[in-house]
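2 protein chains.
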Amino acid sequence: MDLKDLLKDAKKYLDKEIEICGWVRNHRPQKEFGFIALNDGTTQNGIQVVYDTSLDNFSDIAKLLVGCSLKIEGKLVKSEGKDDYEIKASEITLLGSCPEDYPIQPKRHTREFLRENLYLRPRTNLFTAVFRIRSLAAFAIHKFFNENNFVYVHTPIITANDCEGAGEMFQVTTLDLKRVNGKPDYSKDFFGKVASLTVSGQLHVEPFAMNYKKVYTFGPTFRAENSNTKTHASEFWMIEPEMAFTDLNGDMEVMEKMLKYVISYVLENGQEEMQFLDNFVEKGLIDKLTKLVNSKFTRITHEECIKILKESKQKWEFEPEYGEDIAKEHEKYITEYFNGPVFIYDWPKDIKAFYMKQNPDGKTVAAVDLEVPGAGELMGGSQREEDYDKLVKRMEELNMNKDELEWYINLRKFGGCVHSGFGMGFERLLIYITGVDNIRDVIPYPRTPKNCEY
Amino acid sequence: MDLKDLLKDAKKYLDKEIEICGWVRNHRPQKEFGFIALNDGTTQNGIQVVYDTSLDNFSDIAKLLVGCSLKIEGKLVKSEGKDDYEIKASEITLLGSCPEDYPIQPKRHTREFLRENLYLRPRTNLFTAVFRIRSLAAFAIHKFFNENNFVYVHTPIITANDCEGAGEMFQVTTLDLKRVNGKPDYSKDFFGKVASLTVSGQLHVEPFAMNYKKVYTFGPTFRAENSNTKTHASEFWMIEPEMAFTDLNGDMEVMEKMLKYVISYVLENGQEEMQFLDNFVEKGLIDKLTKLVNSKFTRITHEECIKILKESKQKWEFEPEYGEDIAKEHEKYITEYFNGPVFIYDWPKDIKAFYMKQNPDGKTVAAVDLEVPGAGELMGGSQREEDYDKLVKRMEELNMNKDELEWYINLRKFGGCVHSGFGMGFERLLIYITGVDNIRDVIPYPRTPKNCEY
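For the record, the sequence lines run as chains V and Z.
Numbering of the first sequence is given in this note's numbering, commencing with residue 1 and proceeding in unit increments.
Numbering of the second sequence is given in this note's numbering, commencing with residue 1001 and proceeding in unit increments.
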């Protein structure tokens, strides 16, 4: 049985014969007895197994090293003096041994060392917590959208569209590069044309919103950006909802509701993990998240935001300007100013994407960024331009290829409507929730420039 | 509000003022009144809207074409003579018009035509049903594993491993192919080496099973196979669970339990959709699935299977043979023979993968295929070879590159244990559940050779 189920129903199993398989996380053998910290990975903290010389194989068991897999038969009992449980073993069977030079020992390993042992790092307390939180958060996202009538759409990974600049895209090919002599013949390539890895599912999911009203995509996206920072990865997962009959206010409502839902779910269903991360990664983490769940998100325009920044007595590295983007220091200031998350909306159109709804002022678009204390920009969204002529004109201004996106533009012709959506980088959320500050440490197998191990 | 919520609580909203936005699926204007079949996509069947000359804009509304988006204000009322609801409109607002040459008309379109209009096909009744079932089934899979303590692991899409033969893999590159003159310099490529799109997450998920006990991956996988069949796509989604401390029998238990769970969930939560598919795609579909959920899955060895096939009086196109794979005709026969799903296990080792557990007979491996009536092979799994020496020896026999998979082999050295897993192609399941017989019609944007639109 799973340790998680055993402990959940501990009262039922108390003093009963039980059987658990798991791995030795720590071992303190004494002369007449011994303590094994055992975990089968279904819990964060595992359980203590106590054994003594009544075991036939006591002397062998006393020699067991960290990392071994064991089968434990015994009784679930209350720990002495503590409101906790342990197993009094009547039989311990070695399932798989582990050598002395096993890299994961019960001590503090550097994250760099663990990145070099990616396939073993889930076995540490830190990564056991992080990757279970990742799993819980992913489930919470699906659960939220399912409960709110959203249809989950698997947008394609390989795409012929290239709407955000080819320079940052990975190309997908079956051409034999040794035979490509300066003249790649794409008609002979697998798809008969240039194909790339998607940078966003947003454009592909919009046609589905025009039927199902509410849809979302949650899948891997790719950027071939040569950035070696703590927040950039070449392969990461994105959540992109899209809603018909919804304006920017409705968009912000869903953004806020979703974020609170996911964090509440993780706090409730990952208590041991969150406590571990609060203790060892970011002090006050649980308080930070609880505060967010209970906070009201402020909504201000970009113009109001710049005004506040300009009126502050702050010394800025980058001077805030109307019509321009804001810097990390501004994000930080504005969330501190309002002591909570802030939606900044109605952004200057020149720094935002072509598909965003042009406001009547002719200068701004109905776009929104969510700034969160301690995280910076966590999500971005917009109302989409539903006016066929305005969208086409904007694409012309930006010298975009309209033919390639004819289908997308046509959505405005065939029963178009006010619609909005947003995107959230899943790893950015995980960095915020776990307190782990490097994107490489929230992805099971991170891919970054010159780094594609396994 | 969503139509789904309105109809779920119809009794509460009966004779109340309500507001719904949606699209015109059909329109029958009469002289003094008219009927609009409206759907906002949160339901399969939509709702009938009745209007009459009491509308100020009656004459404009009477001209509305299929595909328009509307806002309806009015009262929810009981339909005359039917146990059903409709909306008596007090106001109808046109949100987005739709031209007469709109491709999706309320008539039967061929699937080929709809494939040429991928971005509009979700708007047909057929694809509305299919892609909602896809969404429901995906959620059911996550829900099943979540309830059973599995951790969801996002295995990488871009990989440096190549365990199933490079010929079938897509290469991922940022090299400028115009500058590759017969000598691709991979040290200058994005990852500094050859990188490809994953064909399976299984090997990558196994290290996580060695910590969490029970894990699964559910993500896109890729095959650059030049096959133009109804069951092959270049990009498809796979579900791959992996369980420590679990032998082949335990594996089969989870396979059976998961399949029944997912199908039950879809039958319960997609009733309108399944009824539509039963009526128009596969007569008896719901019965077929209900029967599966209530059936006991038979378990026979490959040898027993061949014996049954040989003893039958069938005329075979391919003669069944001990030690060889079975053909589609055999799959069909054996599920009919047992009148239900059949697990065939203990396969000849030479036709199965290197990582499968070698049985003591020296001839077979602890592999299993699940054969389902009307679907053929729906899943495949195996107990994994947990013996370090046997695994290495098998890889040597097959001339495999051990260095590349050293990490995988090492899992046997560091607290290894009996473990098993399986894989299920998500689209194969969807073909079975929806009755739609072409994989191109269960994927939002299918990718096949020479076909990568959008």
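Cβ atoms here follow ideal geometry from the backbone N, Cα and C, with glycine treated the same way.
Could you say if the stretch 1170-1179 of chain Z and the stretch 1112-1126 of chain Z meet the contact criterion of at least three C-beta pairs nearer than 8 Å? no
Minimum C-alpha distance to residue 1271 of chain Z - residue among Z:1056, Z:1130, Z:1101, Z:1033: Z:1130
On the CB-based measure, 16 or more other CB atoms within 10 Å of its CB, does residue 51 of chain V come out buried or exposed? buried
Would the stretch 302-312 of chain V count as touching the stretch 350-358 of chain V if we require 3 or more Cβ pairs under 8 Å? Verdict: no, contact absent.
If we define contact as Cβ-Cβ less than 9 Å, is residue 353 of chain V a contact residue for chain Z? no
Which ranges does the alpha helix (DSSP H) cover as unbroken runs of at least 4 residues, wholly within the stretch 1279-1335 of chain Z, from first to last along the chain? 1285-1294, 1302-1311
Measure the C-alpha to C-alpha separation of residue 24 of chain V and residue 268 of chain V and round it to an integer number of angstroms. 27 Å
With 9 Å as the C-beta to C-beta threshold (strictly closer), list the residues of the stretch 218-252 of chain V near chain Z in chain order. 219, 220, 222, 224, 226, 234, 235, 237, 244, 245
Sort V:187, V:452, V:196, V:43 by Cα distance to residue 127 of chain V and report the nearest one. V:43
Are there 16 or more other CB atoms within 10 angstroms of the CB of residue 1378 of chain Z, so buried, or fewer, so exposed? buried
Contact between the stretch 1410-1420 of chain Z and the stretch 78-96 of chain V (3+ Cβ pairs under 8 Å): yes
Distance between residue 199 of chain V and residue 164 of chain V (C-alpha atoms, nearest Å): Residue placement at residue 164 of chain V is poorly supported in this model, since its pLDDT is 49, which falls under 50; the coordinates still yield a value, given next. So the alpha carbons of these two residues sit roughly 8 Å apart.
Any C-beta of chain V sitting closer than 9 Å to the C-beta of residue 1165 of chain Z? With a pLDDT of 49 at residue 1165 of chain Z, under the threshold of 50, the modelled position of that residue is not reliable, and no figure is offered here.
Chain Z contacts from the stretch 92-109 of chain V (Cβ-Cβ distance under 9 Å): 95, 96, 97, 98, 99, 102, 103, 104
Would you kindly check if the distance between the Cβ of residue 205 of chain V and the Cβ of residue 194 of chain V is under 9 Å? no
Please determine if the stretch 354-363 of chain V and the stretch 226-235 of chain V are in contact, where contact requires at least 3 C-beta pairs separated by less than 8 Å. Segments in contact, no.
Host alpha helix (DSSP H) of residue 1139 of chain Z (start-end): That run of the alpha helix (DSSP H) goes 1125-1147.
Considering only residues of the same chain and omitting the five flanking positions on each side of residue 104 of chain V, which have a CB-CB separation below 8 Å? 66, 67, 117, 120, 121, 123, 124
Would you check if the stretch 422-438 of chain V and the stretch 274-289 of chain V touch, i.e. whether three or more CB-CB distances between them fall below 8 Å? yes
In the stretch 433-449 of chain V, which residues sit with their C-beta less than 8 Å from some C-beta in chain Z, listed in chain order? 443, 444, 445, 447, 449
Beta-carbon contacts of residue 1158 of chain Z that lie in its chain and below 6 Å, excluding the five residues immediately before and after: 1172, 1195
Alpha carbons only, please: which of Z:1393, Z:1086, Z:1421 is nearest the one belonging to residue 1240 of chain Z? Z:1421
I want to see whether chain Z comes within less than 9 Å of residue 210 of chain V, judged by CB atoms only; does it? yes
Would you kindly work out how many angstroms separate the C-alpha atoms of residue 1345 of chain Z and residue 252 of chain V, rounded to a whole number? 53 Å
Under 7 Å between beta-carbons, which chain V residues line up against residue 1181 of chain Z? List them in chain order, please. 181, 182
Are the C-beta atoms of residue 1357 of chain Z and some chain V residue less than 9 Å apart? no
Check the Cβ of residue 1157 of chain Z against every Cβ in chain V and list those closer than 7 Å, keeping chain order. Simply 157, 220, 235.
By Cβ distance, which residues of its chain are closer than 6 Å to residue 402 of chain V, with the 5 residues on each side in sequence left out? 395
Compare the C-beta of residue 1122 of chain Z against all C-beta atoms of chain C and say whether one is closer than 9 Å. Although the question refers to chain C, the structure presented lacks it and instead comprises the protein chains V and Z.
Residue 230 of chain V, DSSP secondary structure in three states: coil
Which residues of chain V have a Cβ atom closer than 9 Å to the Cβ of residue 1138 of chain Z, listed in chain order? 142, 152, 154
Would a check of beta-carbon distances place residue 1421 of chain Z closer than 9 Å to chain V? no
Between the beta-carbon of residue 1342 of chain Z and the beta-carbon of residue 1298 of chain Z, is there less than 9 Å? yes
Would residue 1135 of chain Z pass as an interface residue toward chain V - the criterion being a Cβ-Cβ separation below 9 Å? Chain V, which has a Cβ nearer than 9 Å to the Cβ of residue 1135 of chain Z, makes this yes.
Quick one: grab the DSSP three-state call for residue 191 of chain V. Residue 191 of chain V: coil per DSSP, three-state reduction.
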